[in-house]
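Below you'll find the structure, written out as structure tokens, and then a few comments.
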Amino acid sequence: MNAMPNDTELLELAARLAEAAGREILAVRQAGFTIDRKDDFSPVTLADTRAEKLIVAGLRDATPDIPVIAEEEVAAGRITEPGAKFWLVDPLDGTREFAAGRDEFAVCIGLVADGRAVLGAVGAPAQGIVYAGIVGQGAWKRDASGTTRIEARTPPAEGITVYASRHYADDPQLAAYLARYKVAKLTNIGSALKFCRLAEGVADFYPRLGRTMEWDTAAPQAVLEAAGGRVLTMDEFPLRYGKQGFENPHFLCFGRG
773 MNAMPNDTEL LELAARLAEA AGREILAVRQ AGFTIDRKDD FSPVTLADTR
823 AEKLIVAGLR DATPDIPVIA EEEVAAGRIT EPGAKFWLVD PLDGTREFAA
873 GRDEFAVCIG LVADGRAVLG AVGAPAQGIV YAGIVGQGAW KRDASGTTRI
923 EARTPPAEGI TVYASRHYAD DPQLAAYLAR YKVAKLTNIG SALKFCRLAE
973 GVADFYPRLG RTMEWDTAAP QAVLEAAGGR VLTMDEFPLR YGKQGFENPH
1023 FLCFGRG
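Encoded structure:
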């Protein structure tokens, strides 16, 4: 019997699959695609399904003892029971951005252990980047120039840089919440890339006051926390996983400090 891969091997597996899924997504974009709607009216494309099929097959082949919970499988009614350790997969986070022709989409593959996101890879196919990290061991990003270590930054004295969801840009709740901070810059983009901007020290704060699911956040939370950041619920508890229905509460992402 083969031994269970260690965390470094599991992270490299996730990163390789995120990169391969990214190539599938870009191929679909190049060829052209139609946009369908799921039961909750959210968009889905051939890129979502092709990327998920590749990732899920790769994870189940390499780690048959670790359950895989993937967004499109859940949407289709195939719900795998999570264990003490399980994978969470969002094959195309930011489908709305992808469908609109923007580059703000990501591939998210995260591993949960005992309710906490412990490692994850976030691919940014349009940028040719994959971000990855193991909580407690550090984070890195890989692109055409190689692999570099990334770290969250301490907020500068002139004020924080905030990244927020593109689709909640006009939400008065967000404006009211940010009023308590000294904000130097606010940028609105889609997908899990907001976590990654904090992880690589480009931004300091990402408040999420809208609906998300666990597969949206497990991988990028692991990357951010591996880089020295934090992801907390509104009552200041760590965001946890394996919840009934897989739906997250509102949460706040911070860089270092």
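Numbering (the numbering used here), first residue to last: 773 to 1029.
Think of the CB as a built atom: it goes at the ideal place given N, C-alpha and C, for glycine as much as any other residue.
_Ala964 versus Gly895: straight-line alpha-carbon distance, rounded_ = Distance between the alpha carbons of Ala964 and Gly895 is about 9 Å.
*Local conformation of Ala1055 per DSSP, three classes*: This structure does not reach residue 1055, given that the chain is present from 773 up to 1029, and the question cannot be answered.
*Could you give the C-beta distance for Trp987 and Glu843, rounded to a whole number, given that I count them as a contact under 8 Å?*
For a cut-off of 8 Å, the C-beta gap from Trp987 to Glu843 is around 5 Å, short enough to register as a contact.
*Determine the contact status of Ala929 and Ala999, defining contact as a CB-CB distance below 7 Å.*
In this structure, Ala929 lies away from Ala999, with their beta-carbon atoms at least 7 Å apart.
*Would DSSP call Gly723 helix, strand or coil?*
No statement about residue 723 is possible, as the shown extent of the chain runs from 773 to 1029 and does not include it.
*With respect to 6 Å, is the separation between the Cβ of Ile881 and the closest non-hydrogen atom of the ligand SAM below this value?*
The ligand SAM is absent from the structure shown, which contains no ligand whatsoever.
*Please go through the same chain and pick out, in chain order, the residues whose beta-carbon is closer than 7 Å to the beta-carbon of Gly866, but skip the five residues on each side of it.*
Excluding residues within five positions, the ones whose Cβ falls inside 7 Å are Glu876, Phe877, Ala878, Gly962, Ser963.
_Beta-bridge pairing of Ala911 - partner residues as DSSP gives them_ = Partner(s): Gly905, Ile922.
*Quick one, which of Pro897, Ala823, Thr806, Ile838 has its alpha-carbon nearest Met776's?*
Of the listed residues, the one whose Cα sits closest to Met776 is Ile838.
_Taking 8 Å as the limit between beta carbons, can you name the residues of its chain near Tyr949, skipping five residues before and five after?_
Only residues of its own chain outside the window of five on either side were considered, and among them Pro979, Leu981 have a CB closer than 8 Å to the CB of Tyr949, listed in chain order.
_Reference Ile841, options Arg788, Ala994, Asp1007, Met985, closest by Cα_ = The option with the nearest alpha carbon to Ile841 is Met985.
*Phe1041 vs Leu946 beta-carbon contact at 7 Å*: A query on residue 1041 cannot be resolved here, the shown segment of the chain reaching from 773 to 1029 and no further.
*Between Asp976 and Ser814, what straight-line distance do the alpha-carbon atoms span, to the nearest angstrom?*
Looking at the two C-alpha atoms, the distance is approximately 29 Å.
*Alpha carbon to alpha carbon, how far is Arg952 from Val800? Give it in angstroms, no decimals.*
Per the coordinates, the alpha-carbon of Val800 lies some 43 Å from the alpha-carbon of Arg952.
*Any contact of the segment 1005-1020 with the segment 895-906, i.e. 3+ C-beta pairs under 8 Å?*
Fewer than three beta-carbon pairs drawn from the segment 1005-1020 and the segment 895-906 are found closer than 8 Å, and the two stretches are therefore not classed as touching.
*From Thr989 to Cys880, what distance separates their C-alpha atoms?*
Looking at the two C-alpha atoms, the distance is approximately 8 Å.
*Who pairs with Thr933 in a beta bridge, going by DSSP?*
Paired residues: Lys957.
*Using a Cβ-Cβ cut-off of 6 Å (strictly less than) and excluding sequence neighbours within five positions of Ala790, which residues of its own chain qualify?*
Take Ala790, set aside five residues on each side of it, and the residues of its chain with a beta-carbon closer than 6 Å to its own are Val879, Ile881, Ala893, Gly895, Val902, in chain order.
*Report the residue from Arg795, Gly873, Ala994, Asn960 whose alpha carbon sits nearest the alpha carbon of Glu923.*
Cα-wise, what sits closest to Glu923 is Ala994.
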